[in-house]
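Everything on this sheet refers to the single structure shown next.
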Amino acid sequence: MARVVVSMQPTAKRGDVIEIRTLAAHPMETGFRHSQTGELLPRDIITRLTCTYNGVEVFRADLAQAVAANPLVIFTTVATESGTLEFRWTGDNDYIATHTAQLTVV
Amino acid sequence: MRALLLPLAIAATSVAADIPLDKRLSGYEFMSRETRALQDDEATGPAVFALLDGEALWKPCAGCHGDAASSMNGVAARYPRFVVSKNAVLNLEQRINACRTDKLKAAAFAYESKELLALTAYVGRQSRGVPIAITLDEKTRPVLEQGRKLFFRRQGQLNLACAQCHDERWGKKLAGSTIPQAHPTGYPIYRLEWQGMGSLERRLRNCLSGVRAEPYAYGSPELVSLELYLMWRARGMPLETPAVRP
């Protein structure tokens with residue numbers, strides 16, 4: 001079960017820069033490590049995080065092996081209109097996690 | 001007469017080595033600004049998944065205890081304590097497992113399992129900011145004295161006592177790390193070195209293998225007595241569970 005946490009303010013003034021904090025539970029196995037019995041542990045990482053704001057992509061990050069487990073990604077966007085922010089994490093082994101958050105712009 | 005004087009003399013020396021109450025500092029005070037920010041981040045801090053797991057694991061407990069926010073407020077600040085039904089001093093993990101086996105008729109969680117750490121962190125979270133208050137009575141006092149003895153006893157190949165670092169040399173460096181005062185104010189913790197959650201017993205076993213002593217087993221009377229002594233030593237300090245430590 002993919003689990004994610006998103007923290008952002010629920011309301012903002014038009015034109016405000018708002019901070020969005022995202023956290024995903026994921027081991028981020030690099031693919032470079034070996035098990036205690038010597039086999040290579042296959043790579044298992046989140047490769048992409050996207051955020052769309054009323055259908056428009058406002059943020060995208062490509063994640064790689066050097067990113068720690070349970071990656072915390074913090075970014076900002078400008079509050080332009082009330083609506084929905086959709087977050088989507090995708091990665092190895094068909095990993096998909098999604099989250100939606102509402103933003104009210106006054 | 002000699003028999004009377006001897007315990008007094010021992011008590012006096014151990015009190016002399018204690019850190020004065022107003023000079024006590026949480027491990028938080030020794031951390032970098034960045035690590036403090038991780039602990040202060042309630043919404044997306046590294047312990048948040050353990051708290052969410054713990055909230056889910058609380059469901060069967062709610063049958064008796066109801067809303068954890070009210071029923072568990074202040075509970076973690078009072079452990080380890082004497083539990084009548086077990087006729088023993090138990091730490092919080094053991095108390096949770098006793099409740100599971102005796103009341104829920106469910107299997108006990110293994111020490112350091114994800115489930116036990118999550119549930120303990122969730123219960124501990126309900127006491128954040130509550131001052132640590134250990135009950136001292138005829139049942140807990142002998143255990144506390146045993147813990148105190150262990151804290152001041154040199155052991156392991158390095159022949160070190162806990163007190164030599166944590167009472168006498170706190171604030172100085174051990175390799176690259178600052179030696180804290182060993183006040184267990186935030187267990188279970190998310191430790192960056194572990195990349196995960198861990199209990200006070202895990203931390204104590206770390207220190208024991210660090211001085212090359214044989215670590216006491218999880219749940220052993222030695223570890224519980226040390227936990228009791230350390231929590232009493234931190235009496236009055238606010239609980240930070242789940243804390244982040246480097």
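Protein chains in written order, with my numbering: chain A, 1 to 106; chain B, 1 to 246.
Ideal Cβ positions, reconstructed from N, Cα and C, are used throughout, including at glycine.
- Taking the alpha carbon of Arg202 (chain B) as the point to measure from, which residue in B:Leu239, B:Tyr216 and B:Val211 has its own alpha carbon closest? B:Tyr216
- Task: Determine the DSSP secondary structure at Asp18 (chain B), reduced to helix, strand or coil.
- Result: coil
- Task: Whole angstroms is fine: what's the gap from Glu193 (chain B)'s alpha carbon to Lys103 (chain B)'s?
- Result: 36 angstroms
- Output, in sequence order along the chain, the residues in the segment 18-35 of chain A whose CB is closer than 8 angstroms to any CB in chain D. Included in the structure are the protein chains A and B, with no chain D among them.
- Task: Could you list the residues in the segment 130-145 of chain B with a C-beta less than 8 angstroms from some C-beta on chain A, going in chain order?
- Result: none
- Message: Going by C-alpha to C-alpha distance, which of B:Gly129, B:Gly186 and B:Leu117 sits closest to Tyr28 (chain B)?
- Response: B:Gly186
- Task: Would you mind sorting Asn54 (chain A) into buried or exposed? The rule is 16 or more other CB atoms within 10 Å of its CB.
- Result: exposed
- Query: So which of B:Glu93, B:Pro60, B:Ala175 and B:Ile179 has the shortest CA-CA distance to Glu168 (chain B)?
  - Reply: B:Ile179
- Query: Does the ligand PLP have a heavy atom nearer than 7 angstroms to the CB of Lys103 (chain B)?
  - Reply: No copy of the ligand PLP occurs in the structure displayed, which carries no ligand at all.
- Item | Short Cβ contact (8 angstroms threshold) for Arg148 (chain B) with Tyr229 (chain B) | Less than 8 angstroms separates the beta-carbon of Arg148 (chain B) from that of Tyr229 (chain B).
- Task: Name, please, each residue of chain A whose Cβ falls closer than 7 angstroms to the Cβ of Gln195 (chain B).
- Result: Ala69
- Item | Per-residue burial, Asn93 (chain A) [other beta carbons within 10 Å of its own, 16 or more giving buried] | Label assigned to Asn93 (chain A): exposed.
- Query: Expressed to the nearest angstrom, what Euclidean distance is found between the alpha-carbon atoms of Thr76 (chain A) and Arg88 (chain A)?
  - Reply: Between Thr76 (chain A) and Arg88 (chain A), the C-alpha separation is close to 16 angstroms.
- Query: Just how far apart, CA to CA, sit Ile115 (chain A) and Gly38 (chain A)?
  - Reply: Lying before the first or after the last residue shown, residue 115 (chain A) is absent from chain A, which here runs from 1 to 106.
- Message: By the three-class DSSP mapping on this structure, what secondary structure does Ser26 (chain B) have?
- Response: coil
- Separation of Leu63 (chain A) from Val75 (chain B), as counted between CA atoms: Inter-residue distance for Val75 (chain B) and Leu63 (chain A) is about 41 angstroms (C-alpha atoms, whole angstroms).
- Item | Inter-residue Cα distance where the pair is Glu57 (chain A) and Arg43 (chain A) | 27 angstroms
- In chain B, what lies closer than 7 angstroms to Leu63 (chain A) by C-beta? Under the 7 angstroms cutoff, chain B gives no residues; its nearest Cβ is about 16 angstroms from Leu63 (chain A).
- Is the Cβ of Arg88 (chain A) closer than 8 angstroms to any Cβ of chain B? Contact of Arg88 (chain A) with chain B is not assigned, every C-beta pair being separated by 8 angstroms or more.
- Query: Using a beta-carbon distance below 8 angstroms, is Arg43 (chain A) in contact with chain B?
  - Reply: no
- May I have the straight-line CA-CA distance separating Leu208 (chain B) from Ala243 (chain B), to the nearest angstrom? 21 angstroms
- Message: Short of 6 angstroms in beta carbon distance, which residues of its chain neighbour Ser70 (chain B), apart from the five on each side in sequence? Order them along the chain.
- Response: none
- Does DSSP put Thr101 (chain B) in a helix, a strand or coil? helix
- Message: Between B:Arg141, B:Leu204 and B:Asp137, which has its C-alpha nearest His166 (chain B)'s C-alpha?
- Response: B:Leu204
- Task: For the alpha helix (DSSP H) holding Trp232 (chain B), just list the boundary residues, first then last.
- Result: From DSSP, the alpha helix (DSSP H) with Trp232 (chain B) extends over Pro221 to Arg233.
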